[in-house]
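Novice: Input: one structure, supplied below.
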Amino acid sequence: MKLGIVSIEKDEVVNSLINACEEKEVEYRVIDPRNITLNLWEKKVKYFKTYINDLDCLFIRNIGWEWHRSDILKYISNFVFTVNDPKVIDICGNKLLTSIYLDKYGFPQPKTLITENENDALLFMEEVGDVVVKPIFGYGGEGIYKIKKDMPIASKVSLLRKLKKAYNVLYIQEYIETDRDIRAFVVGDKLYCMYRYGKNWKNNVSQGAEVEAFEAYGKMKKLVFKIKEKFNLFYGGIDLIEGDDLYVLEVNATPSWLALSKAHNVDIASVILEEILKNI
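Counting from 1 along the sequence shown, just add 22 to a position and that's the residue number in the numbering used here.
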């Protein structure tokens, strides 16, 4: 098998996949999406002097924020098996679209409001209590703010205006009080879960959260595999939180697995590669 690993940087996740390829004697190439050329006249996708058309699989790690790269990969995915499907990555990389799809399929999520109207935002906060405001495009807990219900109205308005100016639109979710959340990582029929305990109200590993591996219970398993099916994920990281119900916070189609590998003492890169080999 010939595998192309698409990433603008060679991070630890990419390196772990490279190690898995070398252990399993899988031919691979790291592909910088900035050097992909689409020639529609010849129906060829070039990477320097080679053709991506000749690969058996593309693994998409990080293509940056340039929309045309995603569109080129969508074209490539018509004839090269691609993990994850670029259309799925587009949905999961957009919190608004993710929320819409969660709503479409009836998956439980915190109360959510998307608006450009400050008054509607204030009314929502008055009704649901403490909230978090997130950028629609972002990851790792960056750019997320908590607004408490008991904050002075002037402070709320000032922060909302600041965030609206930064993000153009306000994506607001009910804040569920807890000292942890859950990363559920699914690939094939395998599920690996860990609790994340944040140093503050954010529970992202990139923000310094501690992790603890655990076995998913029945309701969680059913929910995660249903999300995998409906979102058409080959593999994915689903962020959950336990309140009066089990709620979905995010669906990630290009997640890191480094902390999860350590928590479970499992080489997740090898697990993913084995699943790819079974599907080629």
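Heads up, the beta-carbon is just placed ideally off N, CA and C, and yes, glycines get one too.
Would DSSP call residue 203 helix, strand or coil?
Specialist: The sequence position of residue 203 within the sequence shown is 181, counting from 1. DSSP places residue 203 in strand when its eight states are reduced to three.
Novice: Tell me where the alpha helix (DSSP H) around residue 98 begins and ends.
Specialist: Taking the first residue of the sequence shown as 1, we reach residue 98 at position 76. From DSSP, the alpha helix (DSSP H) with residue 98 extends over 89-98.
Novice: Helix, strand or coil for residue 76? Go by DSSP, reduced to three states.
Specialist: Residue numbering aside, residue 76 sits at position 54 when the sequence shown is read from its first letter. Residue 76: helix per DSSP, three-state reduction.
Novice: Skipping 5 residues on each side, what residues in its chain have a beta carbon closer than 7 Å to that of residue 50?
Specialist: Along the sequence shown, one-based indexing puts residue 50 at 28. Excluding positions up to five away in sequence, the list reads 25, 27, 40 and 43.
Novice: On the three-state DSSP scale, how would you describe residue 81?
Specialist: Numbered from its first residue, the sequence shown carries residue 81 at position 59. It is a strand residue.
Novice: Given a cut-off of 8 Å on the beta-carbon distance, is the pair residue 253 and residue 123 in contact?
Specialist: In the sequence shown, counting from the first residue as 1, residue 253 sits at position 231. In the sequence shown, counting from the first residue as 1, residue 123 sits at position 101. Yes, these two residues count as a Cβ contact at 8 Å.
Novice: Mark residue 287 as exposed unless 16 or more other C-beta atoms lie within 10 angstroms of its C-beta, in which case mark it buried.
Specialist: Within the sequence shown, the letter at position 265 stands for residue 287. Residue 287 should be labelled exposed.
Novice: Which term fits residue 205, buried or exposed, when burial requires 16 or more other beta carbons within 10 angstroms of its beta carbon?
Specialist: Locating residue 205 in the sequence shown gives position 183, where the first residue counts as 1. Residue 205 should be labelled buried.
Novice: Note the first and the last residue of the continuous beta strand (DSSP E) segment covering residue 218.
Specialist: The residue given as residue 218 occupies position 196 in the sequence shown. Residue 218 -> beta strand (DSSP E) spans 212-219.
Novice: Measuring alpha carbon to alpha carbon, tell me which residue in 284, 278 and 258 is nearest residue 110.
Specialist: By 1-based counting over the sequence shown, the position of residue 110 is 88. Residue 110 has its Cα closest to that of 258, out of 284, 278 and 258.
Novice: Where are the alpha helix (DSSP H) runs, 4 residues long or more, that stay fully inside the segment 222-274, in chain order?
Specialist: Correct list: 240-253.
Novice: Given 8 Å as the limit, is there contact between the segment 95-105 and the segment 132-148, that is, 3 or more CB pairs closer than that?
Specialist: No, because fewer than three Cβ pairs between the segment 95-105 and the segment 132-148 fall closer than 8 Å, the two stretches do not touch.
Novice: Which first and last residues belong to the beta strand (DSSP E) in which residue 66 is found?
Specialist: To locate residue 66, count along the sequence shown from 1; it is residue 44. From DSSP, the beta strand (DSSP E) with residue 66 extends over 66-69.
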